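Visitor: This is the structure I have questions about; it appears just below.
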């Protein structure tokens, strides 16, 4: 039973435009969410996180939105750059447990 | 940012042998480390949680006698795949949580590609 889902396995976006990656979760007890970026044969790199007490967190070109009623979060990258091409994983956690449940990943391709 | 290293990055071994993978936090003390496994084009699956000085907590379905985890210091955790078989071939990734941080963010190592012949 996949508690964290990324329903789009891949996404292509033109350079300079906005990339929107989506993530849905089923357990309303999750209270901490993160996005990681991963290149092949490398470990994930932390991008941005959000606590359930917020609905938005911004860091440079990356913004994460959290809609608790819909159990949905999204990552916006603007403007998208070719170097952003990678697989993006969302992860959810119960704070205090430190355990992450990862989504299945979305492969983003930014076209020059 | 926090740096986590893994060694080796790649290992090829014969079936029946044991392989040890090291995970180190280089610039922080990691009270908790995690071991994940990633199958091709799949998500990262948590195998076990390792707390310094105590026994690891394994996720359901993970054989603790096959995947031995030791977290002897605040900067080092090891995963030993015992009597490896071809089905153990995978990408193994560790992560570490900064014990001094107020957030739950985990920092990941670069991963180890294990191939069992």
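Chains as they are written, first to last, in the working numbering: chain D, 1 to 112; chain R, 1001 to 1117.
Note that beta-carbon positions come from the ideal geometry of N, C-alpha and C, so glycine has one too.
Predicted model, so just to flag it, every value in this text is computed and none were measured.
In terms of residue numbering, what span does the beta strand (DSSP E) encompassing residue 1098 of chain R cover?
Guide: 1090-1098 is the span of the beta strand (DSSP E), which, as asked, contains residue 1098 of chain R.
Visitor: Count the CB pairs spanning the region 1004-1014 of chain R and the region 1098-1116 of chain R that are closer than 8 Å, and state whether there are at least three.
Guide: Yes, the region 1004-1014 of chain R is in contact with the region 1098-1116 of chain R.
Visitor: CB residue 1005 of chain R to CB residue 1080 of chain R, shorter than 7 Å?
Guide: Not a contact, by the Cβ cut-off of 7 Å.
Visitor: Can you check whether the CB of residue 1082 of chain R is closer than 7 Å to the CB of residue 1070 of chain R?
Guide: No, Cβ-Cβ distance for residue 1070 of chain R and residue 1082 of chain R is not below 7 Å.
Visitor: Give a yes or no on contact between the region 66-85 of chain D and the region 94-112 of chain D, applying the rule of three or more CB pairs nearer than 8 Å.
Guide: With the cut-off at 8 Å, the region 66-85 of chain D and the region 94-112 of chain D touch.
Visitor: Decide if residue 1073 of chain R is buried, meaning its Cβ has at least 16 other Cβ atoms within 10 Å, or exposed.
Guide: Exposed, by the Cβ-count rule.
Visitor: Roughly how many angstroms lie between the CA atoms of residue 1041 of chain R and residue 8 of chain D, to the nearest whole one?
Guide: Near 13 Å, if we compare the C-alpha coordinates of residue 8 of chain D and residue 1041 of chain R.
Visitor: Going along the chain, which residues of the region 41-61 of chain D sit with their C-beta nearer than 8 Å to a C-beta in chain R?
Guide: Result list: 41, 42, 43, 44, 45, 46, 49.
Visitor: Taking the straight line between their C-alpha atoms, what separation do you get for residue 1035 of chain R and residue 16 of chain D?
Guide: Going from the Cα of residue 1035 of chain R to the Cα of residue 16 of chain D covers about 36 Å.
Visitor: Check the C-beta distance from residue 1104 of chain R over to residue 28 of chain D and give it rounded, since I have them as a contact under 8 Å.
Guide: No, residue 1104 of chain R and residue 28 of chain D are not in contact; Cβ-Cβ is about 18 Å, not under 8 Å.
Visitor: Starting from residue 1007 of chain R and walking both ways along the beta strand (DSSP E), at which residues does that stretch end?
Guide: That run of the beta strand (DSSP E) goes 1004-1007.
Visitor: Residue 1022 of chain R lies in the beta strand (DSSP E); which residues open and close that run?
Guide: Run containing residue 1022 of chain R: 1019-1025, per the beta strand (DSSP E) assignment.
Visitor: Starting from residue 17 of chain D, trace the beta strand (DSSP E) in both directions and tell me its first and last residue.
Guide: Taken as a continuous stretch (DSSP letters only), residue 17 of chain D belongs to no beta strand (DSSP E), as it is neither H nor E.
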